[in-house]
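K.L.:
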Amino acid sequence: MQRETTTGAAITFDGVGKSYPKKGGGSVMALEGVDLEVPPGAITGIIGRSGAGKSTLLRMVNGLERPTAGTVRVGTRDIGAARGAELREMRREVGMIFQHFNLLSSRTVYENVALPLEIAGRPAAEIRRRASDLVARVGLEALAERYPAELSGGQKQRVGIARALATGPKVLLSDEATSALDPETTQTVLKLLADINRDLGLTILLITHEMAVVRDIASHVAVIEGGRIVEQGATYDIFTTPAHATTRSFLSGVTGVTLPRFIADRMNAEPPAGPAREVIRITFLGDRATDPLLAQMSGALGLEVNILAGAIEEIGARPFGNLLISVPADRGAEARAYLESHQQRTEVLGYVG
Amino acid sequence: MSANLINMLMEATWQTLYMVAVSTVIGAVFGLPIGTFLACSQKGELLSAPAVNKVLGIIVNATRSVPFIILVVAIIPFTRMVAGTSIGTTAAIVPLSIAAIPFIARLIENAIREVDSGLIEAARAMGATPLQIIRKVLIPEALPGITLGLTLAVVSLIGYSAMVGAVGGEGLGDLGIRYGYQRFMPDVMAMVVVILIVLVQLVQTAGEWIARRVDKRAPRNRGA
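Structure below.
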């Protein structure tokens with residue numbers, strides 16, 4: 382679908398593979414057949430467990446890793462094929478922030494931000510102006526002369542972000558940038574990234590193992606498992622209609638709708654003999670997420686509905702709800718038909734006796 | 382103690398300082414690039430040159446495995462070539478430097494290897510050349526370790542300098558052997574030992590003070 386945009390993708394992975402030679406012959410596949418287009422000016426998340434290959438994938442965008450198959454393009458330029466001075470020049474168009482910040486302990490906040498400009502050989506006056514601007518942009522003017530050891534984790538990541546923006550890149554790569562931070566600090570760093578994305582029109586590609594990070598700032602997401610992209614699309618669609626088991630397992634942690642233990646323990650795949658109840662997951666989408674649909678259904682069908690768990694969440698300001706209910710097993714089909722006719726998605730999770 | 386003896390002690394101290402200072406400077410001038418190269422030239426590293434790395438490593442190890450007193454005697458022809466003579470305090474600087482170079486190279490290599498590889502990765506991501514990474518990242522970040530390494534080298538060289546009496550080098554060690562030991566003058570021996578202890582203490586304290594000043598890794602009380 383991104384192929385239709387006239388501006389073209391910011392980053393294109395085309396049949397990308399990466400294999401490492403194994404000791405004693407053979408090779409280990411880290412990535413295989415990855416096709417992914419990262420839309421420009423948006424925040425795209427790649428989510429996967431450790432060892433899934435997401436870090437390798439990210440590091441190909443600035444040439445820290447080279448694909449052994451396929452091509453990786455930033456804009457229209459093939460970074461996998463670039464060498465020497467050309468590669469270094471391309472790297473200046475791509476900023477990167479790291480889980481452990483990777484700041485120089487021997488340099489102050491200001492000097493750390495100035496480093497990429499020194500490396501790029503910019504004139505001293507420009508370095509001074511730009512580094513000061515960026516330190517202010519991330520709200521650290523008061524700490525400009527401090528050393529990283531004197532900063533908190535969130536402050537260090539702000540320095541990392543300012544440093545990554547120093548050479549005016551078009552793309553920002555984030556390698557688990559909030560994984561070492563507490564939840565509150567994570568939120569402020571994510572907000573800063575979202576602000577930068579909006580204000581500068583910067584394309585952000587981030588990898589994470591936390592679905593909450595994707596939900597909070599990414600408009601697009603790709604799920605990676607065993608070196609392959611198993612699912613990708615708009616975050617809202619992936620959250621509301623996950624197709625792959627890996628995606629679902631990531632989602633179960635953030636959507637907050639797991640069955641209460643005492644019901645989960647009594648669940649059966651088939652209706653048990655005697656009176657039983659059917660447990661249904663309903664996914665409320667878009668504007669209807671806030672409709673009092675259950676009350677309406679209960680009235681219309683004369684059905685007694687038991688609510689087991691539920692939550693309404695927002696993804697990019699669009700609400701979606703997840704609700705677990707139970708109805709008498711013999712009337713389950715009827716209830717599901719009613720909900721589906723009102724554009725809600727349903728799924729039978731099992732039966733309790 | 383006679384005024385004559387005091388003069389001799391002062392002169393010997395000066396000679397020791399002279400030999401140690403010059404050989405430390407020469408050792409650092411050659412040891413810094415060699416150590417930096419050793420730290421960055423293994424397979425897949427910044428200046429990847431595994432063959433050269435290996436050969437250089439063997440040379441460094443070979444030099445370091447020769448006992449200093451043997452080295453002094455073994456390289457007498459070389460010393461004569463460089464210094465014009467093989468006898469005297471200036472000539473003694475040659476074997477001291479030859480011993481200092483591989484020692485300092487290894488200390489610098491170790492200090493540079495301590496630098497977090499994430500910093501190298503960050504600098505590469507910025508588009509830095511290998512030389513820029515060495516100059517702007519590795520050496521500044523390794524500076525506390527390099528300072529302590531050089532301190533250790535100076536202390537070791539003070540010890541080595543006591544042996545150069547074998548080739549007519551002078552200094553505190555030589556004075557202690559010739560007067561304190563061979564002429565049975567225990568007061569000279571005692572003074573030599575005291576001066577050596579004081580010198581080493583001063584060097585060590587100064588080195589640690591400088592290392593603390595350049596080390597920004599731990600938070601400290603600012604302006605305290």
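In order, the protein sequences belong to chains A and B. Once you know that position 314 of the first sequence is 695 in this note's numbering, the rest is easy, because the numbers rise by one and skip nothing. Once you know that position 120 of the second sequence is 501 in this note's numbering, the rest is easy, because the numbers rise by one and skip nothing. Glycine residues also receive a C-beta, built at the ideal position from the N, C-alpha and C atoms. Source: prediction; values computed, not measured.
1) Tell me which same chain residues have a C-beta within less than 6 Å of the C-beta of residue 551 of chain B, skipping the five on either side of it?
2) Give a yes or no on whether 7 Å exceeds the smallest Cβ distance from residue 521 of chain B to chain A.
3) Identify the contact partners of residue 543 of chain A in chain B, using a Cβ-Cβ distance below 9 Å as the criterion.
4) Checking contacts by CB at 7 Å: is residue 428 of chain B closer than that to chain A?
5) Give a yes or no on whether the minimum CB-CB distance between residue 604 of chain B and chain A is below 7 Å.
6) In chain order, which beta strand (DSSP E) runs of at least 3 residues are fully inside the region 627-670 of chain A?
7) Locate the beta strand (DSSP E) running through residue 690 of chain A, then write down its first and last residues.
8) For residue 578 of chain A, which of helix, strand or coil comes out of DSSP?
9) Is residue 643 of chain A buried or exposed, if buried means 16 or more other CB atoms sit within 10 Å of its CB?
10) Going straight from the alpha carbon of residue 659 of chain A to that of residue 713 of chain A, what length do you get?
11) At the level of alpha carbons, what is the spacing between residue 534 of chain A and residue 480 of chain B?
12) List the endpoints of the continuous beta strand (DSSP E) containing residue 401 of chain A.
13) Taking only three categories from DSSP, how would you classify residue 530 of chain B?
14) When you compare each of A:519, A:403, A:555 to residue 476 of chain A by their alpha carbons, which one comes out closest?
15) Tell me whether the region 514-522 of chain B and the region 486-493 of chain A touch, counting them as touching only if at least three CB pairs, one residue from each stretch, are closer than 8 Å.
16) Against residue 549 of chain B, what residues of chain A qualify as contacts under a CB-to-CB distance less than 8 Å, listed in chain order?
17) Under 8 Å, with one C-beta from each stretch per pair, do the region 483-493 of chain B and the region 409-418 of chain B reach the 3-pair mark?
18) In the DSSP assignment, the alpha helix (DSSP H) including residue 401 of chain B goes from what residue to what residue?
19) Shortest alpha-carbon distance to residue 516 of chain B belongs to which of B:390, B:417, B:467?
20) Using the Cβ count rule (16 or more neighbours within 10 Å means buried), how would you classify residue 563 of chain B?
21) How about residue 691 of chain A and residue 682 of chain A: do their beta carbons lie closer than 7 Å?
22) For residue 496 of chain B, which of helix, strand or coil comes out of DSSP?
23) What's the call for residue 602 of chain B, buried or exposed, on a 16-neighbour Cβ count within 10 Å?
P.N.:
According to the structure data:
1) 396, 470
2) yes
3) None at all; the shortest Cβ gap to chain B is about 13 Å.
4) no
5) Annotation note: pLDDT 43 at residue 604 of chain B (below 50); position unreliable, no value reported.
6) 658-665
7) 687-696
8) helix
9) exposed
10) 6 Å
11) 45 Å
12) 392-402
13) helix
14) A:555
15) yes
16) Ordered by position in chain A, no residue passes the 8 Å Cβ test against residue 549 of chain B, which lies about 44 Å from the chain.
17) yes
18) 384-421
19) B:417
20) exposed
21) no
22) coil
23) Because the pLDDT of residue 602 of chain B is 47, which lies under 50, any placement of that residue in the model is unreliable, and the number read from its coordinates should be weighed accordingly. Flag for residue 602 of chain B reads exposed.
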